[in-house]
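Protein chains in written order, with this note's numbering: chain A, 1 to 113; chain B, 114 to 228. Beta carbons: idealized from backbone N, C-alpha and C, even for Gly. Treat the numbers as computed from the prediction; the structure is a model and nothing was measured.
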Amino acid sequence: GEDVEQSLFLSVREGDSSVINCTYTDSSSTYLYWYKQEPGAGLQLLTYIFSNMDMKQDQRLTVLLNKKDKHLSLRIADTQTGDSAIYFCAEGPRSSSGYALNFGKGTSLLVTP
Amino acid sequence: NAGVTQTPKFRILKIGQSMTLQCTQDMNHNYMYWYRQDPGMGLKLIYYSVGAGITDKGEVPNGYNVSRSTTEDFPLRLELAAPSQTSVYFCASSYRQGTRTDTQYFGPGTRLTVL
């Protein structure tokens with residue numbers, strides 16, 4: 001977890017865009033992932049980006065990757081109250097640990113009406 | 114497909130007790146993982162398995178044991194529960210063949226409290 005850094009909290013108003021940022025240290029990561037965790041639930045894969053891509057768009061979600069700066073961001077357009085959750089950035093898979101993922105501590109997103 | 118299932122969902126243990134957390138996947142994935150999530154923290158890898166009969170330690174294996182007798186099941190054993198093992202435990206699985214690794218799918222988690 002200490003190799004993947006995220007801000008802990010973000011609060012936005014409903015209808016605004018949310019941007020969640022992440023920095024990582026392992027330049028050999030093949031993929032970078034965003035997982036969503038709702039209260040009391042498991043982790044749900046939101047989206048992922050291959051390390052040789054700069055951007056990936058999937059409906060309201062836009063992922064930007066700056067490989068030079070090892071910076072990843074997740075933009076959620078038209079944020080809804082149902083988007084309130086914890087968002088985890090993860091890098092991997094790591095061959096040294098059975099292709100497991102390395103997670104950040106998560107960003108708690110609060111969407112207010 | 115049910116995906117990755119975990120039982121129990123909740124459990125309270127006394128210090129020194131033992132228990133087994135169950136994990137089953139029906140996607141014919143060869144790789145399986147156990148992570149723990151402490152409050153306000155990311156997930157830490159406890160153990161992983163690359164196939165039936167093969168397991169290895171992750172980042173935080175102390176106090177735990179695993180086995181993988183079948184492709185579907187990957188139980189996690191706590192022999193002498195300690196308060197430091199209070200956490201949420203997630204099982205995950207993925208498929209890997211050659212250089213291709215598919216995404217990891219997670220179970221709903223087991224919330225364990227040791228008092």
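Cβ-Cβ separation between Tyr146/B and Tyr161/B: approximately 5 Å, consistent with a contact (criterion under 8 Å). Neighbours of Lys105/A in chain B, taken as residues whose beta carbon is under 9 Å from its own, are Gly153, Met154 and Gly155 in chain order. Gln59/A and Asp78/A have their C-alpha atoms roughly 11 Å apart. Rounded to whole angstroms, the separation of the alpha carbons of Lys127/B and Ser206/B is 30 Å.
Judged by DSSP in its simplified three-state form, Gly92/A adopts strand. For the pair Phe203/B and Gly42/A, the CB atoms are nearer than the 8 Å cut-off. In terms of Cα proximity to Leu156/B, the closest of Phe88/A, Ser51/A and Tyr33/A is Phe88/A. In the DSSP assignment, Glu5/A falls within the beta strand (DSSP E) that extends over Val4 to Gln6. For a Cβ distance threshold of 8 Å, nothing in chain B lies close to Ala85/A: the least Cβ distance comes to about 14 Å. The DSSP-derived three-state label of Ser162/B is strand. Ser7/A sits away from Glu91/A, with the two beta carbons spaced by 8 Å or more. Setting aside the 5 residues that flank it on each side, Lys67/A is surrounded in the same chain by Ser51, each with a C-beta closer than 7 Å to its C-beta; the list follows chain order. Tyr144/B sits close to Gly98/A, with the two beta carbons spaced by under 8 Å. The beta-carbon of Leu158/B is placed less than 8 Å from the nearest beta-carbon of chain A. Thr62/A is bridged by DSSP to Gln57/A and Arg75/A. Excluding five sequence positions before and after Ala165/B, the CB atoms of its chain that fall closer than 7 Å to its own CB belong to Arg181, Ser182, Thr183 and Thr184, given in chain order. In this structure, DSSP gives Gln138/B an extended state, which the three-state scheme calls strand.
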